[in-house]
Every structure is written in structure tokens, then in C-alpha cells.
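According to numbering that gives the first Met the number 0, the sequence shown is numbered sequentially starting from 0. Single-structure report; data block below.
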Amino acid sequence: MDRHPNLPGAAAPEAGHSAAGGNTASPPRPTRVRHTVLGLTIAAYMITYMDRVVISAAVPSIQKEFGFSIITIAWILSSFQWSYAIFQVPVAWLGDRLGPRRALTLIVTWWSVLTSATTLAWSAASMAAIRFLFGMGEAGAFPIATRSLARWMRPSERGFAQGATHAGSRLGGALTPAVAAVIMARYGWRAAFFAFGCLGILWSAVWHWYYRDTPAEHPSVNEQERELIEGSLGSRNAAGGERDSVPWKTILASRQMWLLSAIYVCYAYNIGVYLVWFPKYLNDSRGVSLERMGLYASLPLLAGTAGDLLGGWLSDVWARRSGDLRAARRAIAIAGFLMAAICILPACYTSSPFTSVCYSCLAMFGLELTVGVSWAIPLDIGGNYAGSVAAVMNTCGNLGGATASVATGYVVKLYGWNAAFLVMAALCGVAAILHLWIRADRPMALP
């Protein structure tokens, strides 16, 4: 019986020959498994921010039920940030030992279960403890996810991949307040935590089923895609070859390292306030209803998503066209921080809630313009140890974010919401000034 050539089991034409007998067949094209891996990683970044932002949308409801003061809420919110900062390096080390497939499956399941377990809290201490354990799991998300892409994405694709993953995290944060508000309005605040926790568990199952630690291990990768990746990375790097020990002494003695870390503390303090306190600010200071609060709280994060995608891309284009890496990194970062500082001021003092949100969108857009630059500079100056440089920067930044969670509660209690936002504007100005001494064109003297 004849077989149709497009049906399963049909006999394929011989290599180099068409079905009609001509010599016109082209070589197989590379598969695109690496793009699916990138898509799953972007989804993981989105889920990290969904699970950490949902509590911010729920703060008014939690306060109403438990009677927590704003200082108590500040300590509950900061418990995640402290844990997230402290466990960056230990959980990343665990990822190196287990490999990205097993490690991400483990930690995403861990923090998703704890997201849902927030519904079981009966006191401030129990809620803070759950959030602390939740932070332990999320601490490994970015470093392990970055490692998961290192053996899959070609160098020419990494800039886009980095921008897309960070944009995914901001998009997840932007969508969460609106989605959570709808769920809470119908079913209560506990339902929102349970729903977001289930989403992470579903992702873990898909990741463990699909992802492999190297392209060579993946059954769907054809020879052409494997050769494409290995040709760019080298077969040893694509296979996960051993590396020398990290020169921590040199990294920690670098002036550039601490300048970059100080800048990221200023950034993380600001983004921490927007992620953790902005919904509460809208409800408490601006009188925005719970339903509208979800939409208004999402808008600045959506603006930040655009800034995330644009900042790193603009800096790369500037560097390629001018050949001046120092100016390309510096100019975009300074412009972003100054834009944020300037726009925060009218956002505080306008009488219209909607106008305040609009200025906050501009401030967030400027703030996020700096993110691509901040994460590109470790690659510029860190060479083969860019991951370690980024880990130090991110640890310091998250300590700044943890400080923001607590400090904002005290500042608001003592001096009001405008004072809290003026602190943020001042830190943006400091970060812009510090960028004058950053030299992205001068790599560290690393082996």
C-alpha cells in the first residue's frame, strides 16, 4: 500500500533528493528547543514576582482581619526580603550541586507550597515565619535560572534573553495586583495565595518533564541545534565543564564592585517600596478602593516592563554604534535614575490619585531603564566570573530591599507617606551621582 509522505510512518525521501527524484532537499534546520527553554524561564521569573507581590495586594485585607499595625506589617513584609538576601549564595550553591533541572523543580515547589501555606497563618509571628521560609526558596530563583540558560543560549542571544526574563518578572508583578484584587473581592484574600501557589507547582511539573541540564541530554534537540549551541559556547562549556575557584578576594577588593553594589542598593530600595507598599499607599493615603487599587498598582509595573526591555537595548545599541561602552552604560543609567527622582516628586504632591499614578508610572519607567545596565555591567567587568560579581551586587541590593520594607513602615508612621517617597527620590539622585565613577570599559583584574 502506498503511504502519503506527510503521514506518520511514511517513508522519507533519501537525503539530498526530493520526492520527485531531484537533488533539491536542504539540510535539516536546527530545532528551537532553546527558545522553549527560554519561554519556561521567563514564566519562572513571572511566577517569582507573582508570589512575592500577592501579599502586597492583600495587606489591607490582612490588616482588617488580624488588626496588625503598619509596623507589624512592615516586619512581616521584610521577613521575606531578609531571607531572600541571606540565602542568595547558599541556595545558588545548591543549584550548582543539583543542576538546574532538579534545583529549580525543588525550590519552585518549595516556595509555591509556602505561598499557599500563608493562608494557614494565625498570628504575626507565624505569618513572618512562613514568609521567611518562602524567601529561602525564592533566593535561588534568579541565579539558578540564569545558570539554566547559560548552557542553552548563544552569546548573541543572551542580551535579549536577559531583557526578556527581567521584563517577565516585572510583568508578573504588574498583573498580580489586578488579578489578586479580583480573586479577593470574590473569594477572600486566602484564595489568592492558594491560586498563585498552585500555578508554581504546575510550572515545576512542566519544567522537570521538559528541561534538561544540557542540550545533548534533550531528546528533542537535533544535531543541527546542538552544533549551533556548541559552536557558540564550545562543547566544554555547553556540557558544563569544570571551572576554577572564584577569586573572591579580588572581587571583594574591587572599588567598582562596591560602587555597583551601592547603586543597586539604591535601586532595590525603590523597587522594594513599589512592590511591597504601593498598593497600601493607594488604599491608605489616596483612598483608592480595593478593586481599583489592583489596577492602579499594576500600571507602574507595566511601565517598568517597558523600561526593562528598552534600557539594556538602548545601551547596547549606543555601545555598538559609538564604540564607547563607558558612556553607553553611564548615560542610560543616569538618565533613568534622574527621571525617577524627578517624577517621584509630583507623584507625592498632586491631589489627584490618577495623576499620582501617572507620575509613578514615569518614575518606574525611569527606574527600570537602569536594570539592564546594572546587570550588563557585571558581564562587562567580571569576565568569566560575571555570575559571582552579579551575586554580590544582588545580595547587597536585596539587603537594601529588605531595609526598605521595614524603614518605610517607620517613616510612614512618624512622618507620613510623602516623606517615604522623598527618601526614594534622594536615593535615585545618589545612584545617578555614583554612576559617574562606574567604568564598564575597565574589566576587573581577574584570572
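Even for Gly, the Cβ is constructed at its ideal location relative to N, Cα and C. Since the model is a prediction, treat every value here as computed from it, not as a measurement.
At a threshold of 7 Å, does residue i count as lining the ligand MG (C-beta to nearest heavy atom)?
{"i": "Ala149", "result": "Of the ligands one can find in the structure shown there are none, so the ligand MG has no counterpart to examine."}
Could you spell out the range, first to last residue, of the alpha helix (DSSP H) harbouring residue i?
{"i": "Met256", "result": "Arg254 to Val275"}
{"i": "Glu137", "result": "Ala123 to Glu137"}
{"i": "Tyr48", "result": "Val32 to Phe65"}
{"i": "Ser108", "result": "In the sequence under discussion, the amino acid at residue 108 is Thr, which differs from the Ser named in the question. It spans Pro99 to Ala116 - the alpha helix (DSSP H) in which Thr108 sits, taken as one unbroken run."}
{"i": "Tyr83", "result": "Ile69 to Ile85"}
{"i": "Pro142", "result": "Ala140 to Ala149"}
{"i": "Ile200", "result": "Trp188 to Tyr209"}
{"i": "Met423", "result": "Trp416 to Leu433"}
{"i": "Thr249", "result": "Trp247 to Leu251"}
Can you tell which of the options has its C-alpha closest to the C-alpha of residue i?
{"i": "Asp315", "options": "Ala327, Ala305, Leu308 and Gly306", "result": "Ala327"}
{"i": "Ile331", "options": "Ser355, Phe364 and Val356", "result": "Phe364"}
{"i": "Thr35", "options": "Ala160, Arg185 and Gly139", "result": "Ala160"}
{"i": "Met49", "options": "Gly199, Gly408, Thr175 and Trp317", "result": "Thr175"}
{"i": "Ser219", "options": "Met392, Thr30 and Leu435", "result": "Thr30"}
{"i": "Ala424", "options": "Gly311, Gly134, Ala339 and Tyr83", "result": "Ala339"}
{"i": "Thr71", "options": "Trp436, Leu132 and Lys412", "result": "Lys412"}
{"i": "Leu59", "options": "Tyr414, Gly286, Cys427 and Ala166", "result": "It should be pointed out that residue 59 corresponds to Pro in this sequence rather than to Leu. Comparing Cα positions, the closest option is Gly286."}
{"i": "Ala163", "options": "Ile41, Ser68 and Gly134", "result": "Ile41"}
{"i": "Ser77", "options": "Ala419, Ile432 and Ala406", "result": "Ala406"}
{"i": "Val272", "options": "Met126, Gly428, Asn397 and Leu132", "result": "Asn397"}
{"i": "Pro27", "options": "Trp92, Glu222, Tyr210 and Phe133", "result": "Glu222"}
{"i": "Ile333", "options": "Ala128, Met135, Leu435 and Gly303", "result": "Leu435"}
{"i": "Arg101", "options": "Phe192, Arg211 and Ile54", "result": "Arg211"}
{"i": "Tyr266", "options": "Lys248, His207 and Gly303", "result": "Gly303"}
{"i": "Arg130", "options": "Phe192, Tyr186 and Gly381", "result": "Phe192"}
{"i": "Tyr209", "options": "Val410, Pro352 and Pro99", "result": "Pro99"}
{"i": "Ala318", "options": "Ile376, Ser55 and Leu344", "result": "Ile376"}
{"i": "Pro345", "options": "Ala418, Tyr186, Ala138 and Trp312", "result": "Ala418"}
{"i": "Arg96", "options": "Gly139, Gly399 and Cys360", "result": "Gly139"}
{"i": "Tyr409", "options": "Trp74, Asp307, Ser55 and Phe353", "result": "Trp74"}
{"i": "Ile61", "options": "Ser359, Leu198, Ala127 and Ser350", "result": "Ala127"}
{"i": "Ala194", "options": "Leu113, Gly306, Ser288 and His217", "result": "Leu113"}
Is the beta carbon of residue i less than 8 Å from the beta carbon of residue j?
{"i": "Met256", "j": "Val388", "result": "yes"}
{"i": "Pro278", "j": "Asp379", "result": "no"}
{"i": "Thr118", "j": "Ile200", "result": "no"}
{"i": "Leu421", "j": "Cys357", "result": "no"}
{"i": "Arg146", "j": "Gly66", "result": "no"}
{"i": "Ser168", "j": "Met45", "result": "yes"}
{"i": "Val391", "j": "Ile250", "result": "yes"}
{"i": "Ser373", "j": "Tyr263", "result": "yes"}
{"i": "Trp416", "j": "Ser284", "result": "yes"}
{"i": "Val53", "j": "Ala190", "result": "no"}
{"i": "Leu281", "j": "Tyr268", "result": "no"}
{"i": "Pro214", "j": "Arg254", "result": "no"}
{"i": "Met135", "j": "Ser203", "result": "no"}
{"i": "Leu39", "j": "Val205", "result": "yes"}
{"i": "Gly381", "j": "Gly311", "result": "no"}
{"i": "Gln80", "j": "Gly400", "result": "yes"}
{"i": "Ala43", "j": "Leu103", "result": "yes"}
{"i": "Ala362", "j": "Trp188", "result": "no"}
{"i": "Leu274", "j": "Ser55", "result": "yes"}
{"i": "Leu148", "j": "Leu37", "result": "yes"}
Could you round the C-beta distance between residue i and residue j to whole angstroms and report it? I think they count as a contact, below 8 Å.
{"i": "Ala173", "j": "Leu300", "result": "3 Å"}
{"i": "Leu368", "j": "Ala439", "result": "The pair is not a contact, with the Cβ atoms about 16 Å apart (cut-off 8 Å)."}
{"i": "Ile228", "j": "Arg33", "result": "7 Å"}
{"i": "Pro142", "j": "Ala84", "result": "13 Å between Cβ atoms; not a contact."}
{"i": "Ser125", "j": "Gly196", "result": "So it is not a contact: roughly 17 Å between Cβ atoms."}
{"i": "Leu366", "j": "Leu258", "result": "That pair is no contact at about 18 Å."}
{"i": "Phe336", "j": "Ala431", "result": "4 Å"}
{"i": "Cys395", "j": "Ser260", "result": "4 Å"}
Please decide whether residue i counts as near chain D, where near means a Cβ-Cβ distance under 8 Å.
{"i": "Gln80", "result": "Given the protein chain composition of this structure (a single chain), no chain D is represented."}
Entirely within the segment 325 to 404 and at least 4 residues each: give me those alpha helix (DSSP H) ranges in chain order. 352 to 381
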